[in-house]
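Chemist: 30 is the number of the first residue of the sequence shown in this note's numbering; add one for each residue after it.
If you scroll down you'll find the structure; I have some questions about it.
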Amino acid sequence: MPAISSEIWKKYGEPQLVDTDLYFISKLKKLTPKRVDRRVGNGGTWSETESSKLVEKVSGNPNPNPIGRKRVSLRGPHRVATR
């Protein structure tokens, strides 16, 4: 996976993504049993938002399937992406 948020954005469709969130599933890196390492690549960090947003898988049927909640955003030196 690319090291910084601008590389992630370019790799996964920058020109076509306007007002669109990108979602990634990744393993958490634990610093201690209770603390998570939120650093990413070259200076970005994942930061938790105040409220979560329901994420749904749209598979062509009229009733989308909930697959999780977006709770964190990637804030890096170049761009903001969401997870």
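Built from N, CA and C at the ideal position, the CB exists for glycine as well.
Find out if the Cβ-Cβ distance for the pair Lys86, Asn94 is shorter than 7 Å.
Modeler: Taking the first residue of the sequence shown as 1, we reach residue 86 at position 57. Taking the first residue of the sequence shown as 1, we reach residue 94 at position 65. Result yes, Cβ atoms of Lys86 and Asn94 sit closer than 7 Å.
Chemist: For Ile37, count neighbouring C-beta atoms within 10 Å of its own C-beta (all shown protein chains included) and say buried if the count is 16 or more, exposed if not.
Modeler: Taking the first residue of the sequence shown as position 1, residue 37 is located at position 8. Ile37 is buried by the Cβ-count criterion.
Chemist: Within a Cβ cutoff of 7 Å, which residues of the same chain sit near Leu57, ignoring the five residues on either side of it in sequence?
Modeler: For this step, residue 57 is matched to residue 28 along the sequence shown. Cβ neighbours of Leu57 beyond the five flanking positions: Val65.
Chemist: Which of the three DSSP states is assigned to Lys63 in this structure?
Modeler: Taking the first residue of the sequence shown as 1, we reach residue 63 at position 34. Correct three-state label for Lys63: coil.
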